[in-house]
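K.L.:
Number of protein chains: 2
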Amino acid sequence: MSTKSISNKTKVALVGFGTIGSGVARLLLAEGPRLARAAGIPIELAHVVDPDLKRPRNVTLPEGLLSNDLDRALGDPDVRVVIELIGGTGVAREVVLRALDAGKNVVTANKALVATHGPELFERARRVGRTIAFEAAVAGGLPVIATIGQSLTANRIESIEAILNGTCNFILTHMEQYGLDYADVLAEAQRLGYAEADPTLDVNGADATQKLAILAQMAFGATVDWRDIPRAGIDSIGLSDLLCAEMTGHRIRLIAAARRSPEGIELSVGPTLVPEDAPLADVQGAFNAVSIVGDMAGPIFLQGYGAGQNPTASAVVADVIDTIAGRTAITQAALELWSTPSREPATVRDPATIAGRFYLRVNVQKELDAAAQLSRVLAEHQTPVDSLTQYDDEDSQNLAGIVFLTGQTTEGRIAAAVQQMETLPFVHPEIVRCRVADA
Amino acid sequence: MSTKSISNKTKVALVGFGTIGSGVARLLLAEGPRLARAAGIPIELAHVVDPDLKRPRNVTLPEGLLSNDLDRALGDPDVRVVIELIGGTGVAREVVLRALDAGKNVVTANKALVATHGPELFERARRVGRTIAFEAAVAGGLPVIATIGQSLTANRIESIEAILNGTCNFILTHMEQYGLDYADVLAEAQRLGYAEADPTLDVNGADATQKLAILAQMAFGATVDWRDIPRAGIDSIGLSDLLCAEMTGHRIRLIAAARRSPEGIELSVGPTLVPEDAPLADVQGAFNAVSIVGDMAGPIFLQGYGAGQNPTASAVVADVIDTIAGRTAITQAALELWSTPSREPATVRDPATIAGRFYLRVNVQKELDAAAQLSRVLAEHQTPVDSLTQYDDEDSQNLAGIVFLTGQTTEGRIAAAVQQMETLPFVHPEIVRCRVADA
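Taken in sequence, the protein lines are chains A and B. Residue numbers for the first sequence, in the working numbering: 1 to 439. Residue numbers for the second sequence, in the working numbering: 440 to 878.
1. On the CB-based measure, 16 or more other CB atoms within 10 Å of its CB, does Leu53 of chain A come out buried or exposed?
2. Mind listing which residues of the segment 491-517 of chain B have their C-beta closer than 9 Å to chain A's C-betas, in chain order?
3. Nearest chain B C-beta to Phe301 of chain A closer than 8 Å, yes or no?
4. Throw me the rounded Cβ distance for the Pro440 of chain A and Gly407 of chain A pair, which I believe falls under 8 Å.
5. If you measure between the beta carbons of Ala485 of chain B and Asp508 of chain B, is that distance less than 8 Å?
6. Pro299 of chain A lies in the beta strand (DSSP E); which residues open and close that run?
7. Is the separation between the beta-carbon of Val48 of chain A and that of Leu14 of chain A shorter than 8 Å?
8. Using a cut-off of 7 Å between C-beta atoms, extract the partners of Met686 of chain B located in chain A.
9. Roughly how many angstroms lie between the CA atoms of Ala746 of chain B and Arg93 of chain A, to the nearest whole one?
10. For Ile694 of chain B, which residues in the same chain have their Cβ closer than 6 Å to its Cβ, ignoring the five residues on either side in sequence?
11. Check Ile354 of chain A in the structure and name its three-state DSSP category.
12. Whose C-beta lies closer than 6 Å to the C-beta of Ser387 of chain A among residues of the same chain, with five residues either side of it excluded?
13. Using a Cβ-Cβ distance cut-off of 8 Å, determine whether Thr147 of chain A contacts chain B.
14. Taking only three categories from DSSP, how would you classify Leu186 of chain A?
15. In the DSSP assignment, find the unbroken beta strand (DSSP E) run with Val12 of chain A in it and report its ends.
16. Taking CB distances under 8 Å as the criterion, tell me whether Met218 of chain A reaches chain B.
17. Can you confirm whether the segment 98-113 of chain A touches the segment 133-141 of chain A when touching is taken to mean that 3 or more C-beta pairs between the two stretches lie within less than 8 Å?
18. For Ile763 of chain B versus Thr570 of chain B, is the C-beta spacing smaller than 8 Å?
19. Rounded to the nearest angstrom, how far is the Cβ of Pro275 of chain A from that of Ala439 of chain A, given a contact under 8 Å?
20. Check the Cβ-Cβ distances between Asp721 of chain B and every residue of chain A, and say whether any is below 8 Å.
21. Whole alpha helix (DSSP H) runs in the segment 622-702 of chain B with 4 or more residues, listed along the chain?
22. Taking its Cβ as the centre, do 16 or more other Cβ atoms sit within 10 Å of Gln419 of chain A, making it buried, or is it exposed?
23. Could you check the C-alpha separation between Ala333 of chain A and Gly672 of chain B for me, to the nearest Å?
24. Taking C-beta to C-beta, are Ser151 of chain A and Pro582 of chain B nearer than 8 Å?
25. Tell me, please, which residues DSSP counts as bridged to Ile402 of chain A.
26. Which class does His820 of chain B belong to by DSSP, given the choice of helix, strand or coil?
27. In this structure, does DSSP put Val91 of chain A in helix, strand or coil?
28. Is DSSP giving Thr312 of chain A helix, strand or coil here?
29. Taking buried to mean at least 16 other C-beta atoms within 10 Å of its own C-beta, is Arg494 of chain B buried or exposed?
30. Name the chain B residues that come within less than 9 Å of Tyr305 of chain A, Cβ to Cβ?
31. For Ala278 of chain A, is the classification buried or exposed, using 16 other Cβ atoms within 10 angstroms of its Cβ as the cut-off for buried?
32. Short of 7 Å in beta carbon distance, which residues of its chain neighbour Ala757 of chain B, apart from the five on each side in sequence? Order them along the chain.
33. Roughly how many angstroms separate the alpha carbons of Arg124 of chain A and Val95 of chain A, rounded to a whole number?
34. Measuring alpha carbon to alpha carbon, tell me which residue in B:Leu560, B:Asp641, B:Val801 and B:Thr792 is nearest Ser679 of chain B.
35. Using a Cβ-Cβ cut-off of less than 9 Å, give me the residues of the segment 471-490 of chain B that come near chain A, in sequence order.
36. Using a cut-off of 7 Å between C-beta atoms, extract the partners of Val107 of chain A located in chain B.
Listed below in structure tokens is the structure:
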């Protein structure tokens, strides 16, 4: 696969020398003999490229390795693999395309890039006969890409339900465990480094949705713009929601879900009531977890760290080894990722038609018939009510929370019902809506 | 890798047409296009070999496929892969060696064969330039071999703790859930098909120990005769043990454990008190689960079906695809399985020196100072006592159970203490001993 395969070592270039990049560099420099055995040939970190040459990192590079000269790295004919750890979809996209055009294979941890520009990048990779490996882009150190793309190839995947954002899981489980409010836990998560200073892309579900789009491509061949996947974040979830969920035997997790149905692939991301005896309900703190159902293997559950310097470096370097050893090229030829596949292309189901049960919390100005009026709205939208709970607001005598667990309905009906509820004069924004996962 | 790689299809032969064989045959026959995409070439099931040509199976083979003629299958030059599903270590070993000598690659689900004859089989495979894939031999449909051998290659594995026998886990969790005795649950497990008519190799831990020996080779390069691994079964575990464990915040699972230590690889299989908040404590029924700690990835937890027709067929056919596509050859060249490795060979630690905490239940004829005498024995063997509980036997006024949780000691000291306790006149056999897993 390389013109240099008769050489006695393989060179790699690392572009993006931040936290993950430092972890990857340290691993490549420190574990040479072990990685050489795994790859079949010694791996030499030959270039580290970053505009910031001064910032202190927790790895010491050999003299002359770090530069801001991308051209030199891409122009080195001995470099077979370029590791992109810049992040984002701008410069990173340019670097990946240029690396492919220069004949390099690419390894990336960049979910935003793969989810947004997958079709363009993989078309280019196929055209130039190179590969793009991205295990680290979804669930960090957890081998979910390898499990779907390789270990479960004999299966038709039926469904995936996953916790793909450690920040959200830390916040929800910390609220649950210590009885704290969202804002307090978010502040603590920021203090501990589990949440960014600007946590928007984590808590609004965008990060998990990008990862789900990648899994939907891997498992179902479903090509979807991640921005078209129905998505809700956790920022509206209060402690009262966790308590209400608990009373009905559930815990709330931010779940990214993909499911095969006769009408197409069902995709959604949002806070979800998970039965308390399901493995996903036991996932605590910053862990990620993925539950995959194959028609032959049955349910498979994976849990591990989805982010962080070392777990992500573990996945990046495994991809580097797979690429050099030749497994990535074999796997990607079979997977036909983001291409016009030789099989029937998967269609994505209209989200409005996806069936399910729902949890609604409506904050209301106390009125005698508030619950009745809200129930009537649900009835008008063909949505049965399985249970209804009303409780007084702790902070105001005039306010109450009304919680519904619905029977089977559709996303579209619930959306319409919620929209209509919000026009009622006694209803306070915003109405909290969660899916209820099947037991 | 094959002289026939320019052909437009690849032939495989299946040897052993029992439950798993039927599942594999059905999958290969029913899912041709999907498997062809994954393998890069259509896969033709060309021979099914079994001495029993009459027994009904839940798959219908095309005319002429089933025979008892192994020579014909091995003599077919178009066959690239032989799937061994005979089981056991006699005929199966002969078939695998003959298949390798005939230039075939082998896929097997046979943990007893790989654990017992690994060195011989892999030496032969290397000599003839062929591969032996065995994902299905450990934890069935759960991709634990692929995770260790491929996804975690950038890691130094620190430890593995695993539930590798679904029958034992079904029995223990069923006792726990319904408050039933071992014998009653075993009978029910046999009725439901979760336990064999002769369950010896499951309940005495031999099956789990064979699988652990394979994992120890994969993860640490430790070559060990599985019969040398300290092993205890679950047949001495009573309901009272489950209750005593629960009182101290534990659940009892049959755990196969491998751990790297400065003194060598620590290996053991036996009933173990697992902290109730550990993922392994939540594993219910016939599931298998594997908890792997890598120095970079941190803890990774996998759960799924470790046996059964479809899960096992899923892993077997994934191996067939990996073998045909060429990934297996790449991976096995790097892993140097059961060979004289290019790295420092791993030593297995003397089991007697392995440190840990222990649970002991001693049934005694009631005597005033029974607990004191037993405690004195532990003290004589440098074993501190963390807690001591005495309870009356439900069936006899004259009997009592005395339960110890020890502090840190060694396997050797505990074994000696137990041996000495058994010489005391008021002690009834047999003393139940479990390891206590670290929190």
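Note that beta-carbon positions come from the ideal geometry of N, C-alpha and C, so glycine has one too. Just so you know, these numbers come straight off a predicted model, no measurement behind them.
P.N.:
Reading from the atomic positions:
1. exposed
2. none
3. yes
4. Here chain A covers residues 1 to 439 and nothing more, so residue 440 of chain A does not appear.
5. no
6. Gly298 to Tyr305
7. yes
8. Within 7 Å Cβ-Cβ: nothing; Met686 of chain B doesn't reach chain A, min ~22 Å.
9. 44 Å
10. Glu600 and Thr711
11. coil
12. Leu405
13. yes
14. helix
15. Thr10 to Val15
16. no
17. yes
18. no
19. 5 Å
20. yes
21. 639-642, 645-659 and 678-686
22. exposed
23. 46 Å
24. yes
25. A:Val362 and A:Gln390
26. coil
27. helix
28. helix
29. exposed
30. Ala736, Gly737, Pro738 and Ile739
31. buried
32. Glu574
33. 13 Å
34. B:Val801
35. Pro472, Arg473, Leu474, Arg476, Ala477, Ala478 and Gly479
36. None at all; the shortest Cβ gap to chain B is about 12 Å.
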